[in-house]
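Novice: Sharing a structure here in structure tokens format.
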Amino acid sequence: MRLLAVLLFCWVMAPVAAMADGIPIVIAHRGASGYLPEHTIEAYEKAIDLGADFIEPDLVFTSDGVLVARHDRWLDDSTDVADRPEFAARKTVKPGKAEPDWYAEDFTFAELRTLRARQVFPGRRKADDGKFLIPRFEEILELARDAQVGVYPEAKDPAALAALGHDFTAPLLNALGRYGFGPGGLPVFIQSFDPDFLRGLRNRTRIPLVMLVGVVAGAESVTLEQMAAFADGVGPYKALLIDPQGQDTGYVKRAHRLGLFVHPYTFRDDWVGEGFADIRAELQAFLALGVDGLFTDFVDTAVAVRGVR
Ligand code: G3P
Ligand code: CA
1 MRLLAVLLFC WVMAPVAAMA DGIPIVIAHR GASGYLPEHT IEAYEKAIDL
51 GADFIEPDLV FTSDGVLVAR HDRWLDDSTD VADRPEFAAR KTVKPGKAEP
101 DWYAEDFTFA ELRTLRARQV FPGRRKADDG KFLIPRFEEI LELARDAQVG
151 VYPEAKDPAA LAALGHDFTA PLLNALGRYG FGPGGLPVFI QSFDPDFLRG
201 LRNRTRIPLV MLVGVVAGAE SVTLEQMAAF ADGVGPYKAL LIDPQGQDTG
251 YVKRAHRLGL FVHPYTFRDD WVGEGFADIR AELQAFLALG VDGLFTDFVD
301 TAVAVRGVR
């Protein structure tokens, strides 16, 4: 039943409702990252087991052009690269990060595959550190296809990576097509913080595009009105929707009036938004606003509050 509803959405390309059945989708942010090291096959599998409608891979490139799942181009916080003497000389400083680090685009896929993932967030279970591989995008697509859930890839730093010779557009769209994701097929959204990247994609695909909007209200790179020209939905930082006094800012209504669906990020059982007694109260408040989906590190909690499909 859940799959049928998801497929229906993709076929009709509903401009406002994120799901044809009107039920908000639960997006597993970096997999079940509240429980397992993020962006690993094991974390995505657990998210699917917990009832995720979509799994979210953040994507970067290796030096040999392979799309892999990492939240950042740098590797120190999410892998054991610092413990590998053979890679010590790769540590470097690049624009956008003051401290030296190791970067995915400086490793071949075979080299990256020798690393093991780590839990990034303080206070979360670290017993699985050192066990899991960095997955390539195709492995994630295969998993999602076989489990019949959606994928919600984010292109990370598309301008910087394009300047290094790694353009997301063709590899991303080709991989999705090969595994059957897209209009008329399995459900997918493509997200980015870069409006120019999404504008370029608009001419190449009918896959729903989601403009991500960052933390600081008033500092958005594009307005809702502007993004409505090239995106189908918006992925705002959650505090843009409900202010610290607990008041609805009107963001969801404005976006809906423009035909944009709204998928705020990120809901965390262990890091509840300011002013909420607990995560359930926070989730209920956002669902009451009429959001069309939400990103969460703890899929089971979101599914429990939203209700099982
Ligand atoms: O993509 C939605 C959300 O993940 C954006 O924030 O930094 O966790 O990728 P980030
Ligand atoms: Ca993301």
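If you're matching positions, the sequence shown starts at 1 in my numbering and goes up one per residue.
Glycine residues also receive a C-beta, built at the ideal position from the N, C-alpha and C atoms.
1. Could you tell me if the beta carbon of Leu67 falls within a distance shorter than 7 Å of some heavy atom in ligand 1?
2. Leu75: which of Leu240, Phe54, Leu115, Ala277 sits nearest, CA to CA?
3. Considering only heavy atoms of ligand 2, list every residue whose Cβ is less than 5 Å from one of them, following chain order.
4. Starting from the C-beta of Arg206, find all residues in its chain whose C-beta is less than 6 Å away, skip the five residues before and the five after it, and write them out in chain order.
5. Measuring straight from C-alpha to C-alpha, what distance separates Leu198 and Asp157?
6. Looking at the strands, I want to know which residues DSSP matches up with Met227.
7. Go to Asp329, then tell me how far its alpha helix (DSSP H) extends in each direction, as first and last residue.
8. Enumerate in chain order the residues of its own chain whose CB-to-CB distance from Phe109 is below 8 Å, with the five nearest sequence positions on each side excluded.
9. Between Arg254 and chain D, is the shortest Cβ-Cβ distance under 8 Å, so that the two count as touching?
10. Provide the residue span of the alpha helix (DSSP H) that contains Gln284, from first to last.
11. For ligand 1, any of its heavy atoms closer than 7 Å to the Cβ of Gln119?
12. Short check: CB of Glu274 to CB of Pro244, under 8 Å?
13. On the three-state DSSP scale, how would you describe Ala47?
14. When DSSP labels each residue in this structure, what does His29 get in the three-state scheme?
15. For His263 versus Gly290, is the C-beta spacing smaller than 8 Å?
16. Pair every Cβ in the segment 175-195 with every Cβ in the segment 141-154, then say whether three or more of these pairs are closer than 8 Å.
17. If you follow the alpha helix (DSSP H) that Asp300 is in, where does it begin and where does it stop?
18. Considering only C-alpha positions, which residue in the set Leu212, Ile27, Glu45 is nearest to Leu240?
19. I want to know whether the segment 117-137 touches the segment 32-40 - three or more CB-CB distances under 8 Å.
20. Which term fits Ala28, buried or exposed, when burial requires 16 or more other beta carbons within 10 angstroms of its beta carbon?
21. Kindly list the residues whose CB is nearer than 7 Å to the CB of Met1, restricted to its own chain and excluding five residues on each side of it in sequence; keep chain order.
22. State buried or exposed for Gly307, treating a residue as buried only when at least 16 other CB atoms are found within 10 Å of its CB.
23. How should Cys10 be labelled, buried or exposed, when 16 other C-beta atoms within 10 angstroms of its C-beta is the threshold for buried?
Specialist: The answer reads as follows:
1. no
2. Leu115
3. Asp58, Glu154
4. Pro183
5. 12 Å
6. Paired residues: none, contrary to the question.
7. Residue 329 is absent from the structure shown; the chain starts at 1 and stops at 309.
8. Thr62, Asp64, Val66, Val68, Arg136
9. No chain D is present in this structure, which holds just one protein chain.
10. 279-289
11. no
12. yes
13. helix
14. strand
15. no
16. yes
17. 299-306
18. Leu212
19. yes
20. buried
21. Confidence at Met1 is low in this model, with a pLDDT of 45, below 50, so its placement is unreliable and the value that follows should be read with caution. The answer, listed in chain order, is Arg309.
22. exposed
23. Because the pLDDT at Cys10 is just 40, under 50, the model does not fix this residue reliably, and the point stays unresolved.
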